[in-house]
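Q: Input: one structure, supplied below.
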Amino acid sequence: MSKVVKNLIMRDYKARITKGTEQWPDAMVISIRGVKAVDTTRLRHSLAKKNIRIVVVQNALARKSFEGTSLEPLKDLLTGSSALAFGGESVVEVARELVEAVTKMPALELKGAVLDGIVFSGKKAVEELSKYPTRDEAIGQVVTLVVSPARKLLGQLQGPGSKVAGIIKAIEGKLEKGEAITKVA
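Residue numbers for the sequence shown follow my numbering, so the first one is 1216 and each next one is one higher.
This is the structure we're talking about:
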């Protein structure tokens, strides 16, 4: 393959792994060798609905393309037949979808992933990654943690306040009926 063709392929890899003006920060490396063509098409179609893409790559060219990027840690995973899976909300979502796909297509190999510069190498590591919260889920958890003490404080304040309000309402009801209110010692 000529140097011109290699440069075109590397430029194509770089173009595919960018979203707008910035690069996808995280991705997964998989192998689809041994997966039937019909199953591969179904997988790509179902992932495309969630904005997840799969690009089959040539390992040496991909390594060169990823130099100096957040995907550089994937270079050790680029052996044998390799494809790059990226997109969605984050690589966690990609991992969830592909871990689920492995149950239907056992020939699909999960080589690893990178999340914020941390490499998850092997199928077990990718399965652990799939259990991580996505960005939106993590924000929701943080908001819950921040709001939780205030919610408990409000509950503590409402408890005695509702008792006092109940007593006042009972007294009001007795006064409206013209009943005498007895002094409680």
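Glycine included, C-beta positions come from ideal geometry on N, C-alpha and C.
If I follow the unbroken beta strand (DSSP E) through VAL1220, where does it start and stop?
A: Reading the sequence shown from its first residue, position 5 is the one you call residue 1220. No beta strand (DSSP E) contains VAL1220, which is instead part of the alpha helix (DSSP H) from 1218 to 1231.
Q: Can you tell me whether GLU1394 is helix, strand or coil according to DSSP?
A: Position 179 of the sequence shown, counting from 1, holds the residue named residue 1394. Coil at GLU1394, not helix or strand.
Q: Count the CB pairs spanning the region 1306 to 1323 and the region 1290 to 1298 that are closer than 8 Å, and state whether there are at least three.
A: Judged by Cβ distances under 8 Å, the region 1306 to 1323 makes no contact with the region 1290 to 1298, as fewer than three pairs qualify.
Q: Provide the residue(s) that pair with LEU1330 in DSSP beta bridges, ordered along the chain.
A: For this step, residue 1330 is matched to residue 115 along the sequence shown. Answer is ILE1333.
Q: Hey, LEU1276 and VAL1329 are a contact pair by Cβ (cut 8 Å); roughly how many whole angstroms apart?
A: Position 61 of the sequence shown, counted from the first residue, corresponds to residue 1276. Position 114 of the sequence shown, counted from the first residue, corresponds to residue 1329. Going by Cβ atoms, the distance from LEU1276 to VAL1329 rounds to 18 Å, so no, they are not a contact pair.
Q: Does DSSP classify SER1246 as helix, strand or coil?
A: Translated into the one-based positions of the sequence shown, residue 1246 becomes position 31. Here SER1246 sits in strand by DSSP.
Q: Based on Cα-Cα distance, which residue from SER1336, LEU1325 and MET1225 lies nearest to ARG1248?
A: Reading the sequence shown from its first residue, position 33 is the one you call residue 1248. The shortest C-alpha separation from ARG1248 is found at LEU1325.
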